Structure formats: C-alpha cells, structure tokens
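Protein chains in written order, with this note's numbering: chain A, 1 to 321; chain B, 1 to 167. Each remark here refers to the structure printed beneath this line.
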Amino acid sequence: MHPFSYTRAANTRQALDAGRAGGRYIAGGTTLVDLMRETVERPRTIVDISALPLREIMVTRRGGLRIGALVRMSEAAAHRGVRALYPVISQALELSASAQLRNMATIGGNIMQRTRCTYFRDVTAACNKREPGSGCAALHGVNRTHAILGTSDDCVATHPSDAAVAFTALEATVHLLGPDGERTVPFADFLLRPGSTPNREQALRKGELITSVEIPALPRPLQSGYLKVRDRQSYEFALTSAAVALHIRGGVIHEAKVAAGGVGTVPWKLPAVERELIGQRPSNVLWTKAAERAADGARPLRHNRFKVELLNGPSSANCAS
Amino acid sequence: MFGAGPADAAQASPSSRVTLTINGERRTITVDNRTSLLDLLREHLGLTGSKKGCNAGACGACTVLVDGRRVNSCLTLAVRLDGAEVTTIEGLAKGERLHPLQQAFIDHDAFQCGYCTSGQIMSGVGCIDEGHTGSPEEIREFMSGNICRCGAYVNIVRAVEQAAHGK
Ligand SMILES: Cc1cc2nc3c(=O)[nH]c(=O)nc-3n(C[C@H](O)[C@H](O)[C@H](O)COP(=O)(O)OP(=O)(O)OC[C@H]3O[C@@H](n4cnc5c(N)ncnc54)[C@H](O)[C@@H]3O)c2cc1C
Ligand code: FES
Ligand code: FES
Numbered sequence: 001m002h003p004f005s006y007t008r009a010a011n012t013r014q015a016l017d018a019g020r021a022g023g024r025y026i027a028g029g030t031t032l033v034d035l036m037r038e039t040v041e042r043p044r045t046i047v048d049i050s051a052l053p054l055r056e057i058m059v060t061r062r063g064g065l066r067i068g069a070l071v072r073m074s075e076a077a078a079h080r081g082v083r084a085l086y087p088v089i090s091q092a093l094e095l096s097a098s099a100q101l102r103n104m105a106t107i108g109g110n111i112m113q114r115t116r117c118t119y120f121r122d123v124t125a126a127c128n129k130r131e132p133g134s135g136c137a138a139l140h141g142v143n144r145t146h147a148i149l150g151t152s153d154d155c156v157a158t159h160p161s162d163a164a165v166a167f168t169a170l171e172a173t174v175h176l177l178g179p180d181g182e183r184t185v186p187f188a189d190f191l192l193r194p195g196s197t198p199n200r201e202q203a204l205r206k207g208e209l210i211t212s213v214e215i216p217a218l219p220r221p222l223q224s225g226y227l228k229v230r231d232r233q234s235y236e237f238a239l240t241s242a243a244v245a246l247h248i249r250g251g252v253i254h255e256a257k258v259a260a261g262g263v264g265t266v267p268w269k270l271p272a273v274e275r276e277l278i279g280q281r282p283s284n285v286l287w288t289k290a291a292e293r294a295a296d297g298a299r300p301l302r303h304n305r306f307k308v309e310l311l312n313g314p315s316s317a318n319c320a321s
Numbered sequence: 001m002f003g004a005g006p007a008d009a010a011q012a013s014p015s016s017r018v019t020l021t022i023n024g025e026r027r028t029i030t031v032d033n034r035t036s037l038l039d040l041l042r043e044h045l046g047l048t049g050s051k052k053g054c055n056a057g058a059c060g061a062c063t064v065l066v067d068g069r070r071v072n073s074c075l076t077l078a079v080r081l082d083g084a085e086v087t088t089i090e091g092l093a094k095g096e097r098l099h100p101l102q103q104a105f106i107d108h109d110a111f112q113c114g115y116c117t118s119g120q121i122m123s124g125v126g127c128i129d130e131g132h133t134g135s136p137e138e139i140r141e142f143m144s145g146n147i148c149r150c151g152a153y154v155n156i157v158r159a160v161e162q163a164a165h166g167k
C-alpha cells in the first residue's frame, strides 16, 4: 500500500474542501482499502466521511424512500420501511457480501464500488479501466464472469453491486453535493458504460459527495424481489441476478420494473421485458415469453455464453415467485 | 482528536495517533496510516488470536467486534478507530469463565485445525446479537462470511444454536 495522509471531516463543508483539494473519500472502506493494498488505488489523501450526517432513511410523503449515503448495508436491509416498501432492496442487500462486510459497507460506497474483474485487480495485467490505453486482458482471456451486455472493445468488466441492480430497476435517483451545490442524477445516468473510456465509471464530478439514493414512489400494491444466481450459495458475487417489481391490480400487470445484474458493464435495465409484461395477466407462459427478451443485444465472450441462458432463467423465475 | 484539519491535509504526516479501547483496556498508539486493525492487533499488540486468512475481506478469519458490531479487521484501517471499542477473541472470556459460545464450540467439537475458529466465534457472537439465529438456514446464511477449510460447518451451526437458544 502506498503511504497516504488521513483526515477526518467533521462536517460536510470540511469534506467538500478536502475533496476539492484532491482527497479521496472513505466510507466503509471495504473496497477502497482492498484496492489500495493491491496498489490498484493509490490515493495521496484519505478523507474519512463517516462523521457526516448522511445516515438517515426517510420514507417520503408519497411512499418512496430516501436512503442516506452513509447508511450501512446491514442497517438498510434491516430497516422496517425498506423491508415493507421495497423487499427487492433488502433482499439484494442481504444477498450481498457477508454480514461483517455489510456492517461496515455503506450505500454510497456500494454503488461506487469498482469491478471485481481479476485483470483490473492485478496491476501486472493489461486493463484499460485501471491504465487507459494498456488494453483489455479479459477480452481474450479467462472471461467466464465478464459482461455480455453494454461491453465495448476496450472493456468487458461487470459492475458488481447487487443493490445497484435494484436501484436501476426501481429508477432511483442519486443526490449529489459538490462545491457548486446540489444536483440529482437518474441512476441510469450515474453509472457509465465503458465505451472508449472505461476509466470513467460514474457521473461524479471532482470532490462531489453522494448524499443519498432516492427511490420514487410506485403504485401499490407492489410485489418485488431479488433473485441471485452464483457459483456458491452465499458470500459470492452474481453470475446473473434479477430485480423485479410488479404492480398487479385486477389480475393485470399495470407496472413492471425489471433489471439484471452480473451480466452488464452496468446494472442492466430490461425495458423490453417490462413492455412484454405490462397489460398482461400473470402466467407461466407470460414469464417465459418476457424472459426471452432479457438477453436482447447480448454479445457473449468465449467463456460466458452460459450467461445468456441464465439470464433467460432468473428473470422468469423471479417473476413467478 | 488527533489528525489534521482538511486545510493542512496535504502536509499531514502518514502516521497518526489513535486512542482506542481494546478488550477493555484503553490505549494510545501511533500507527502508520496504512496499518489495518488486524496488523495492529497481531504485529503491534501481540494479540494473535485474530487470524489473517485472505487479508481481503473474503474469509472472516480476522473478525472482531468494533463498537459491538462484527467486522473484518483486515479491511479496517486502525487510524479510523479513534474512540472505538474493540473486542477480540482474547477479550471474550470473563476471567476463567468462557463465553457461552466458546463453551459451545468445545461442546460441539466445532473445529478441526482451529485456524478459522476465533473468527467464527466472534462472528457467531455478532450473529446471535443481531438475532439471525431463527433457524439453521438463517444461521448458515448469516455465518457465511466465515470460511472453514476443514469443513466444520455442521458443528459450528450447532454451537451457535446452543449459545443462542441454550439447546
Ligand atoms: C469478499 C467480498 C465480497 C463482496 N460481495 C459483494 C456482493 O455479493 N454484492 C455486492 O453488491 N457487493 C459485494 N462486495 C462489495 C461491497 O458491497 C463493497 O465493498 C461495499 O459496498 C463498498 O462500500 P464502502 O462503504 O465500504 O465503500 P468504500 O470502500 O469506503 O468506498 C468505495 C468508493 O466509493 C467512494 N465513496 C464512498 N462513499 C462515498 C460518498 N458518499 N460520496 C462519494 N464517494 C463515495 C470512495 O471514495 C471509494 O472510491 C463484496 C466485497 C468483498 C470484499
Ligand atoms: S483476513 Fe480478513 S477476511 Fe480474510
Ligand atoms: S477448523 Fe480448520 S479452517 Fe475451520
């Protein structure tokens, strides 16, 4: 690990000043410390933001949610409002990482986490995300766990967050605070596809802080859930996952919010699947028919063609349950 | 408070002074900012009960309690712990009296080589405290952050059940 100086921000102003001066925020530290140890990350200054007042979960007036950036994954998963309104979020969180990591890790850090691509994590390997212009060792390397959607010739790494899949499905927004004030970015625009600049991963400006993630209110009753397929049953990243929320009234699906994880360079919204579902009556035939659209546009690599089939599976299974 | 305000962050030194409580004992230590809590415990304080398996959050052997919550000490920077209370496996027993979960591990023979055991026990204490012991399935899921290469899982789950429910 490279040496760094450490400072603890007592308030938001101090954090933003330190951030503008080039300091790197640390929240739970569960991924930043790991990447620093691998020397993938080499910040000169670490700014501890854990004392900032961003730890609240609020149920908004119309029945949406606002989750503070420093709320721990375990706290968000256990929160009554989250469990009651959006089981898909608590499930995605509880199926992430381990109980210990969830006690440390925050919602803001979770959506900021970088890919788990082994070539990205290995400083001796070619990786355009880590070292722009060095190439992509995964493209023709061992790419079983890599992305089939949203890839480019420069990068095929997946986004590893489960919670972000739920946030994508539910069309959340990210609240940001920077030196120039507050702004709000739709989740779909917050995480960036690699294109020719895989080193740019989030629509975050220098020194900007995530303050909260907001989930809009959806019509009720709402059934929602998260399904995750992985190499082992727990404590593992997704090979494929699906976040689904359905508003069914009078036996007909009126709203459908669906996204997939583990398959895209960013969490993958599935509008074609949503369109298949809306206006229809739930049935096994419908789930299967809708799920056939889940892998639209997929570009499998040498070792990950199986993800196309998995993708057609989990989303239909999730709807059914 | 130690450490520098943001204004002079750039000149701040790469080591800091921290005051924290470890197993009930208050200590003030100067640490290189890079030092993990795990290395602080093992290398600087001689508390070698917490183990280093992966040093990357992926095995749970380093699990300790910080302010009562189970965490991976390998991913915790010691410099961040000013004012914190840390409990390690060495601080669990009350004198000669073992913690009920330590006793349960013996009763159920919940280890073979023992390398993962201190992490399992600290994690189990957290798991019980969080109330995630409703069923063997729930215990398995909420103890999944602790890998056991010897495969003592069946007895580990039984030990956690015993300590949680007295059975
Ligand atoms: C073994 C292991 C298994 C895992 N399995 C899973 C899994 O199955 N599913 C899953 O989703 N995740 C998994 N994770 C990842 C884990 O969820 C993330 O490491 C965690 O959520 C990151 O949050 P943090 O608060 O610790 O972030 P930090 O490490 O503190 O920060 C991460 C990044 O976010 C930035 N940042 C943090 N907060 C803010 C903020 N408020 N504003 C601006 N920038 C900010 C930091 O500067 C840094 O760049 C796993 C991790 C490990 C180590
Ligand atoms: S040593 Fe900390 S989790 Fe493995
Ligand atoms: S007892 Fe040997 S690793 Fe668990």
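Virtual Cβ for every residue (Gly too), placed ideally from N, Cα, C. Bear in mind the structure is a predicted one, so any value in this text is a computation, not a measurement.
Give the range of the beta strand (DSSP E) segment to which residue i is assigned.
| i | result |
| --- | --- |
| G178 of chain A | T173 to G178 |
| G181 of chain A | G181 to P186 |
| Y6 of chain A | S5 to R8 |
| L16 of chain A | Element bounds for L16 of chain A: not the beta strand (DSSP E) but the alpha helix (DSSP H), T12 to R20. |
| E85 of chain B | E85 to T87 |
| K289 of chain A | Not the beta strand (DSSP E): K289 of chain A falls in the alpha helix (DSSP H), residues N284 to A291. |
Check whether the Cβ of residue i sits closer than 7 Å to any heavy atom of ligand 3, and report yes or no.
| i | result |
| --- | --- |
| F111 of chain B | yes |
| Y115 of chain B | yes |
| C54 of chain B | no |
| R140 of chain B | no |
| A137 of chain A | no |
| R20 of chain A | no |
| A260 of chain A | no |
| C174 of chain B | Residue 174 of chain B lies beyond the stretch modelled for chain B, which goes from 1 to 167, so this question has no answer here. |
Given 7 Å as the limit, tell me if residue i has its C-beta closer than that to any heavy atom belonging to ligand 2.
| i | result |
| --- | --- |
| A61 of chain B | yes |
| A10 of chain A | no |
| N72 of chain B | yes |
| G124 of chain B | no |
| G68 of chain A | no |
Against residue i, what residues of chain A qualify as contacts under a CB-to-CB distance less than 9 Å, listed in chain order?
| i | result |
| --- | --- |
| G57 of chain B | T30, T31, V33, D34, A97, S98, Q100, L101 and M104 |
| P136 of chain B | Residues of chain A passing the Cβ test: none, with the nearest at roughly 14 Å. |
CB of residue i to nearest heavy atom of ligand 1: below 7 Å?
| i | result |
| --- | --- |
| D180 of chain A | no |
| D162 of chain A | yes |
| D48 of chain A | no |
| Q100 of chain A | no |
| G119 of chain B | no |
Could you tell me which chain A residues have their CB closer than 7 Å to the CB of residue i, listed as they occur along the chain?
| i | result |
| --- | --- |
| V79 of chain B | Y6 |
| V71 of chain B | Q100, N103 and M104 |
| C127 of chain B | A99 |
Thinking residue i and residue j are a contact (beta carbons under 8 Å), I'd like their distance in whole angstroms, please.
| i | j | result |
| --- | --- | --- |
| V88 of chain A | Y226 of chain A | 5 Å |
| V308 of chain A | P300 of chain A | 6 Å |
| I57 of chain A | G64 of chain A | Contact flag wrong, Cβ pair sits at about 11 Å. |
| S74 of chain A | A99 of chain A | 7 Å |
| A163 of chain A | K257 of chain A | In fact, because the Cβ distance is near 15 Å, the residues do not count as touching under 8 Å. |
| E90 of chain B | G49 of chain B | 5 Å |
| R326 of chain A | A217 of chain A | Outside the shown range of chain A, which is 1 to 321, sits residue 326 of chain A, and nothing can be said about it. |
| D48 of chain A | R80 of chain B | 6 Å |
Starting from residue i, find everything on chain B with Cβ-Cβ shorter than 8 Å and list it in chain order.
| i | result |
| --- | --- |
| S234 of chain A | R140, E141 and S144 |
| D48 of chain A | R80 |
Less than 7 Å between the CB of residue i and some heavy atom of ligand 4, yes or no?
| i | result |
| --- | --- |
| S73 of chain B | As for ligand 4, it is missing from this structure, which binds only ligand 1, ligand 2 and ligand 3. |
What in chain B is Cβ-close to residue i, meaning under 7 Å?
| i | result |
| --- | --- |
| M1 of chain A | R34 |
| D189 of chain A | Per Cβ cutoff of 7 Å: no residues; D189 of chain A is ~29 Å from chain B at best. |
What does residue i touch in chain A if you count any residue whose Cβ is under 8 Å from its own?
| i | result |
| --- | --- |
| T63 of chain B | Q100 |
Per DSSP, residue i is paired with what?
| i | result |
| --- | --- |
| G264 of chain A | A:L149 |
| S36 of chain B | B:L77 |
| C136 of chain A | A:C127 |
| M58 of chain A | A:R66 |
| I46 of chain A | A:Y6 and A:R24 |
| I29 of chain B | B:V18 |
| T63 of chain B | B:N72 |
| Y226 of chain A | A:A243 |
| C113 of chain B | None; C113 of chain B has no bridge partner. |
| L310 of chain A | BP columns for L310 of chain A are empty, so no partner. |
| K269 of chain A | A:A259 |
Starting from residue i, trace the alpha helix (DSSP H) in both directions and tell me its first and last residue.
| i | result |
| --- | --- |
| A153 of chain B | According to the sequence displayed, residue 153 of chain B carries Tyr and not Ala. Element bounds for Y153 of chain B: Y153 to H165. |
| N146 of chain B | N146 of chain B -> no alpha helix (DSSP H), and no H or E assigned at all. |
| E94 of chain A | P87 to E94 |
| K206 of chain A | Taken as a continuous stretch (DSSP letters only), K206 of chain A belongs to no alpha helix (DSSP H), as it is neither H nor E. |
| N110 of chain A | I107 to M112 |
| R119 of chain A | Rather than Arg, the amino acid found at residue 119 of chain A in this sequence is Tyr. Its alpha helix (DSSP H) spans residues T118 to R121. |
| A78 of chain A | M73 to A78 |
| D162 of chain A | Note, D162 of chain A: premise wrong, no alpha helix (DSSP H); not H, not E. |
| M1 of chain A | Looking at the DSSP string, M1 of chain A is not in any alpha helix (DSSP H), and its letter there is neither H nor E. |
| L101 of chain A | A99 to M104 |
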